[in-house]
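Protein chains in written order, with our numbering: chain A, 6 to 143; chain G, 112 to 499.
For glycine and all other residues, C-beta sits at the position ideal for the given N, C-alpha and C.
Bear in mind the structure is a predicted one, so any value in this text is a computation, not a measurement.
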Ligand SMILES: [Zn+2]
């Protein structure tokens, strides 16, 4: 009998972060900007972490950034990823200045470098959720 | 002289049984460590009127009830494995303020025994905090795992910016093992070479198995009291000379600079309070969850410049016989690591300053530093200790 692979974890969607996941579903990477202090921020919060204003807006990013750092998991981070090893996990710094955890795609693990320019791509993780990934910019 | 300098002293230290302790619970290890630390100090449980504790889950109420300690003052600050180093600083402040007289700092986890029994282990690691807020974007959906997958990213960028090599990180594991070989209580006492570290399985690039700490059961206890009481106990007082703490983030994604830890701030504060310089330090006990943790700490505490950590550890300089003793117990890499290691830094520092360390004794040790690093390079608590 063949065992089915464990389902991969999905993000938890809450009111404060739903616009982010609505955006990825449209294949847009959206983050928040504070209308009082003008700064971008991520992860999603009701209040701006720079000045605590709730006068904030969602804006579409360029989807471009660079690899801040990365690791290559040879042991799976959780059992659902056992079939994927070795795989990378990377911190991406967007051109807008915020960082997010993601994964580099369309690139061999050994070719990943810190500060390498990347751009966002989207992959469906479920009928409702699309996750952002990043690929090298030619 | 700073606000807390010589206002309190460590007078009792002990670890519980360590390694694999089948059938034990975290609370049992805590009680064992507490009893041994009281015996070490020549104090009775009734003398304790302050309690500090941290674990990944639970409440200090449970600990107080189990040990039947009903304190006047308590602190259950929990920001990872550095929490106990913070507790000692907080305890010194509470004692100096007259809020209590004698504080027990205690912990215990059963990572090995708990896994066998499939019960809560009190250990673990990594960022907690529910699934709202930042934890909802932790990297879990991309397969990011426990601490090693996070710390490895700090190593990757340090290598990128400064040319640090796996060989240089391996020097740390090798030197730490040499100290463990001189510590009868250490769990890993077979010699290793740089090549052994590089040949050990890659866990999470760029960290190999032997770049990673052990996963063990252990409890620890430290007793802090007033100068008056400290002068009249079994062992010579180990004075708190300086203290500082700082934290910057929960998830490593939001660490301001992934190669610069909160030990910059905690270290500067501790040295300022102590009125000492880096040259006054005879040994360093610093958190070594991974080899990179030690390297970053030595840079950030100011023993070398940022980026020069790799070269600093060359030629086994921090090993027995070298000119800069680091982690003389064998550290989390080779002595014990129950998910939170910070209390064992204090235990070893106190033993060194009392001259109790036998073969691994640092000659004429007068001043030492214990630097805890907790969470995902999230928090640092630095305690500078000295003897009379
Ligand atoms: Zn703002």
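Can you tell me where the beta strand (DSSP E) with residue i in it begins and where it stops?
i                     : result
residue 186 (chain G) : 184-186
residue 74 (chain A)  : 69-78
residue 93 (chain A)  : 92-99
residue 173 (chain G) : Looking at the DSSP string, residue 173 (chain G) is not in any beta strand (DSSP E); the run it does join, the alpha helix (DSSP H), is 171-178.
residue 196 (chain G) : Segment 194-207 is the alpha helix (DSSP H) holding residue 196 (chain G); no beta strand (DSSP E) there.
residue 121 (chain A) : From DSSP, residue 121 (chain A) is part of no beta strand (DSSP E); its letter is neither H nor E.
residue 330 (chain G) : 328-336
residue 104 (chain A) : 104-107
residue 437 (chain G) : Per DSSP, residue 437 (chain G) belongs to no beta strand (DSSP E) and is neither H nor E.
residue 64 (chain A)  : 61-65
Provide the residue span of the alpha helix (DSSP H) that contains residue i, from first to last.
i                     : result
residue 410 (chain G) : 402-411
residue 291 (chain G) : 277-291
residue 463 (chain G) : 453-465
residue 260 (chain G) : 258-273
residue 423 (chain G) : 420-423
In three-state DSSP terms, what is residue i?
i                     : result
residue 236 (chain G) : The predicted model places residue 236 (chain G) with a pLDDT of 37, which falls under 50 and marks its position as unreliable, so this point remains unresolved.
residue 485 (chain G) : strand
residue 27 (chain A)  : helix
residue 143 (chain A) : coil
residue 448 (chain G) : coil
residue 305 (chain G) : helix
residue 241 (chain G) : For residue 241 (chain G), the predicted structure reports a pLDDT of 48, less than 50, and the residue's modelled location is therefore unreliable. The matter cannot be settled from this model.
residue 319 (chain G) : strand
residue 86 (chain A)  : helix
residue 43 (chain A)  : coil
residue 479 (chain G) : strand
residue 115 (chain A) : helix
residue 215 (chain G) : strand
residue 88 (chain G)  : Outside the displayed span of chain G (112 to 499) sits residue 88 (chain G), for which this structure offers no information.
residue 189 (chain G) : coil
residue 5 (chain A)   : Beyond the ends of chain A as shown, which are 6 and 143, falls residue 5 (chain A); an answer cannot be given.
residue 297 (chain G) : coil
residue 470 (chain G) : helix
residue 443 (chain G) : helix
residue 210 (chain G) : coil
residue 18 (chain A)  : coil
residue 254 (chain G) : coil
residue 432 (chain G) : coil
residue 130 (chain A) : coil
Taking Cβ-Cβ distances below 7 Å as the criterion, which residues of the stretch 25-39 of chain A are in contact with chain G? Listed in sequence order: no entries.
Determine contact between the stretch 424-433 of chain G and the stretch 254-266 of chain G, defined as no fewer than three beta-carbon pairs at a distance below 8 Å. The stretch 254-266 of chain G and the stretch 424-433 of chain G do not touch, with fewer than three beta-carbon pairs separated by less than 8 Å.
Just list the alpha helix (DSSP H) runs in the stretch 126-164 of chain G, keeping only unbroken ones of 4 residues or longer that don't cross its boundaries, in chain order. Look at the stretch 126-164 of chain G and you find these whole runs of alpha helix (DSSP H), each 4 residues long or longer: 137-152.
Tell me, please, whether the stretch 133-142 of chain A touches the stretch 117-126 of chain G by the rule of three or more beta-carbon pairs shorter than 8 Å. The stretch 133-142 of chain A makes no contact with the stretch 117-126 of chain G; the number of CB pairs closer than 8 Å stays below 3.
Report the residues of the stretch 310-340 of chain G with a CB closer than 9 Å to any CB of chain A, ordered along the chain. The residues in question are 312, 313, 314, 315, 316, 317, 318.
May I ask you to verify whether the stretch 199-210 of chain G touches the stretch 347-363 of chain G, counting CB pairs closer than 8 Å and requiring at least 3? Output reads yes: the stretch 347-363 of chain G touches the stretch 199-210 of chain G.
Can you list the alpha helix (DSSP H) stretches of 4 or more residues lying completely in the stretch 340-398 of chain G, in chain order? Qualifying alpha helix (DSSP H) stretches, in chain order: 374-385.
Would you call the stretch 482-490 of chain G and the stretch 442-459 of chain G in contact, with 3 or more CB pairs under 8 Å? The stretch 482-490 of chain G vs the stretch 442-459 of chain G: in contact.
Any 3 or more C-beta pairs closer than 8 Å across the stretch 276-286 of chain G and the stretch 46-59 of chain A: Verdict: no, contact absent.
Taking a cut of 9 Å between CB atoms, which residues from the stretch 383-410 of chain G lie near chain A? Near chain A, meaning a CB-to-CB distance below 9 Å, no residue of the stretch 383-410 of chain G qualifies.
So, do the stretch 402-415 of chain G and the stretch 429-448 of chain G have three or more beta carbon pairs nearer to each other than 8 Å? Taking 8 Å as the limit for Cβ pairs, the verdict is that the stretch 429-448 of chain G does touch the stretch 402-415 of chain G.
Contact set between the stretch 62-78 of chain A and chain G, restricted to residues whose Cβ is under 8 Å from the partner: Listed in sequence order: 73, 74, 75, 76, 77, 78.
Counting only Cβ-Cβ distances shorter than 7 Å, please list the residues of the stretch 92-110 of chain A near chain G, keeping chain order. Taking 7 Å as the upper bound on Cβ-Cβ separation, chain G lies near residues 92, 94, 96, 104, 105, 106, 107, 108 of the stretch 92-110 of chain A.
Should the stretch 180-188 of chain G be regarded as contacting the stretch 295-304 of chain G, the criterion being three or more beta carbon pairs within less than 8 Å? Contact fails: fewer than three Cβ-Cβ distances are below 8 Å.
Decide yes or no for the touch test of the stretch 370-382 of chain G against the stretch 407-421 of chain G: beta carbon pairs closer than 8 Å, at least 3 of them. Yes, they touch.
Are three or more beta carbon pairs between the stretch 165-180 of chain G and the stretch 108-116 of chain A nearer than 8 Å? No contact exists between the stretch 165-180 of chain G and the stretch 108-116 of chain A.
Does the stretch 157-167 of chain G come into contact with the stretch 211-221 of chain G, if we say contact requires no fewer than three beta-carbon pairs (one atom in each stretch) closer than 8 Å? In short, these stretches touch, since the Cβ pair count reaches three.
Going along the chain, which residues of the stretch 119-141 of chain A sit with their C-beta nearer than 8 Å to a C-beta in chain G? Here the close residues are 119, 120, 130, 136.
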